[in-house]
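So the sequence shown is numbered by the numbering used here: it starts at 252 and just counts up by one.
Ideal Cβ placement from N, Cα and C applies to all residues, glycine included.
None of these values were measured; they are calculated from a predicted model.
First the structure, in the form of structure tokens, and then the observations on it.
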Amino acid sequence: MPRIARSAQVAWEGNLARGSGHVSADTGAFAELPISLPSRIGNPDGKTSPEELLAAAHAGCLAISVAGELTKAEKPPEVLALTARVIVDEVEGKGHQVVASEVDVSGRVPGIDAAEFARIVAVADAGCTFSTLIRASAAVTVRARLET
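Right, dumping it as structure tokens:
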């Protein structure tokens, strides 16, 4: 795989408690997604957060990795559905940290059984760059479920 570089920008106005900002991607895939401290720690109220964006990135990375491993095994998926949940908690002496990412992977894959699907998902997880990144400082749990 070639070296990959992507960029996003945040514009922020105001103080921490009452300020807010917008995050946009250089690619134009998303623009001016609203962010704020209240939406980060309380009710999102239609705004995003760094944790939600990390969860999306983790799920997206793993989806691509699972699809690739299934295709390599000559068992391409009909459908994959992933849900990632990033958890932040206070860690003694370190403040608030990402402590876990939990990912549920379900798929409809013809010609494969649940054990083989789980094995392939585990291989894909080991090759997912975001799983590797998050595991450097937090727990990653990946659960696989084959749809029938």
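Measuring only the C-alpha atoms, how far is residue i from residue j?
| i | j | result |
| --- | --- | --- |
| ARG336 | ALA314 | 14 angstroms |
| ALA262 | ALA308 | 20 angstroms |
| ALA324 | GLY358 | 15 angstroms |
| LEU331 | ALA318 | 8 angstroms |
| ARG291 | GLY362 | 42 angstroms |
| ALA395 | ARG386 | 18 angstroms |
| THR334 | PHE368 | 17 angstroms |
| ILE255 | CYS312 | 13 angstroms |
| SER258 | SER382 | 20 angstroms |
With respect to the beta strand (DSSP E) encompassing residue i, which residues constitute its N-terminal and C-terminal limits?
| i | result |
| --- | --- |
| ALA262 | 259-264 |
| ALA307 | Looking at the DSSP string, ALA307 is not in any beta strand (DSSP E); the run it does join, the alpha helix (DSSP H), is 301-323. |
| GLY346 | 346-359 |
| LEU397 | 390-397 |
| LEU267 | No beta strand (DSSP E) contains LEU267, which DSSP labels as neither H nor E. |
| ALA332 | 330-342 |
Among the options, whose alpha-carbon lies nearest the alpha-carbon of residue i?
| i | options | result |
| --- | --- | --- |
| ARG269 | ASP340, ALA256, ILE286, LEU333 | ILE286 |
| SER284 | THR322, GLN260, GLU367 | What sits at residue 284 in the sequence shown is Leu, not Ser. Answer by Cα proximity: GLN260. |
| ARG370 | SER271, VAL356, ILE255 | VAL356 |
| ALA306 | SER275, ARG254, HIS273, VAL350 | VAL350 |
| ALA310 | THR399, THR380, VAL339 | THR380 |
| PRO328 | THR399, MET252, ALA256 | THR399 |
| VAL274 | CYS312, THR299, THR392, GLU367 | THR299 |
| GLU320 | VAL372, SER382, ARG257 | VAL372 |
| ASP296 | THR383, SER271, SER388 | SER271 |
Starting from residue i, trace the alpha helix (DSSP H) both ways and give me its first and last residue.
| i | result |
| --- | --- |
| SER290 | 288-292 |
| GLU367 | 365-378 |
Report yes if the CB atom of residue i is closer than 7 angstroms to the CB atom of residue j, and no otherwise.
| i | j | result |
| --- | --- | --- |
| GLY378 | SER316 | yes |
| GLU353 | HIS347 | no |
| LEU397 | ALA365 | yes |
| VAL360 | GLU302 | no |
| LEU304 | LEU288 | no |
Taking 6 angstroms as the cut-off, is the C-beta of residue i nearer than that to any heavy atom in the ligand ZN?
| i | result |
| --- | --- |
| HIS347 | As far as ligands go, the structure on display features none, and thus does not contain the ligand ZN. |
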